[in-house]
Each structure stands twice: as C-alpha cells, then as structure tokens.
Amino acid sequence: MVLGRKKGTLSEEEAVEVGLPLRKLKTLFPNSPLKKHTPLDIFLAPPVAGRQRVLIFRDLGGIESDWLAPEFILHYFENNGVSPPLKQTVVARLKDFVK
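In structure tokens, the structure reads:
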C-alpha cells in the first residue's frame, strides 16, 4: 500500500477503503506457522460486475477488494517477488499447461 501511494497509483480515498480488507487479510492466517510442504491454495476470482474482486484462501477464508485482491497476486510476480521459487514453479507449470 505504501508503494502504491509513492507511485501515485493509490489515492488517499482508496487507501482508506482498502484498510478493512487489509486488516481482514492479516487475521485470516493462524498465529502458528503453516506446515512446510503443505499447499496453500489461493484463488483470484474473475471480476463480476457490481461486486468487489474476491481473493480466496482455501480453508482460511476470503477477502473482497478491487485493489487488494489483484495487488496481492501481482506482488508475488513483480521483479523477483517475495518467493522466487514460487515464481519459477508457476512459470514452469504454465509452460507445461500451454503445451
């Protein structure tokens, strides 16, 4: 969100609107670490006219936000992202999917 403000892609009004979904996102995850090698399925639902975009975390819940949902996904693939191994795996599987 801070980066969005710096780049000018997120207005103050939008920052206030995204506050509640961001707090909800922080509370979705358990206080204890997730087990290693256990998949965490994240699904970005397609846009629906008149509704906020939905980001679903299987078995944990979901959030609705036109800004936060796509930004969460894009954050993992921008530059090196927060998880280069995840990015490499997704790119490899997409190449296999296209074949």
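The sequence shown finishes on residue 275 if you use this note's numbering, and the numbering steps up by one all the way, no holes. Glycine included, C-beta positions come from ideal geometry on N, C-alpha and C.
When burial is assigned at 16 or more other CB atoms within 10 Å of the CB, is Ala268 buried or exposed? Reading the sequence shown from its first residue, position 92 is the one you call residue 268. With fewer than 16 other Cβ atoms within 10 Å, it is exposed.
Taking the alpha carbon of Leu250 as the point to measure from, which residue in Lys271, Phe219, Asp235 and Ala225 has its own alpha carbon closest? For the purposes of this step, residue 250 is identified with residue 74 of the sequence shown, where counting begins at 1. Leu250 has its Cα closest to that of Phe219, out of Lys271, Phe219, Asp235 and Ala225.
Entirely enclosed alpha helix (DSSP H) segments - the region 177 to 221, minimum 4 residues: 178 to 183 and 188 to 204
Is it right to say Ser187 is buried, meaning 16 or more other beta carbons lie within 10 angstroms of its own, or is it exposed? The count along the sequence shown starts at 1 and reaches residue 187 at position 11. It counts as exposed.
Return the bridge partner residues of Val230 from the DSSP annotation. Here residue 230 corresponds to residue number 54 of the sequence shown, with the count starting at 1. In DSSP, Val230 forms a bridge with Glu240.
C-alpha gap between Glu247 and Leu262, whole angstroms: By one-based count along the sequence shown, residue 247 stands at place 71. By one-based count along the sequence shown, residue 262 stands at place 86. The alpha-carbon atoms of Glu247 and Leu262 are separated by roughly 16 Å.
For Ala225, which three-state DSSP category applies? For this step, residue 225 is matched to residue 49 along the sequence shown. Ala225 falls in the coil class under three-state DSSP.
Can you say whether Leu204 is buried or exposed, counting buried as having 16 or more other CB atoms within 10 angstroms of its CB? One-based indexing of the sequence shown puts residue 204 at position 28. Classification of Leu204: exposed, given that the 10 Å Cβ count is below 16.
Over what stretch of residues does the alpha helix (DSSP H) that includes Asp235 continue unbroken? On the sequence shown, residue 235 is found 59 positions in, with the first residue counted as 1. No alpha helix (DSSP H) holds Asp235; DSSP gives it neither H nor E.
Compute the beta-carbon to beta-carbon distance between Ile239 and Leu201, rounded to the nearest angstrom, for a pair I have assumed lies under 8 Å. For this step, residue 239 is matched to residue 63 along the sequence shown. For this step, residue 201 is matched to residue 25 along the sequence shown. 5 Å between Cβ atoms; contact.
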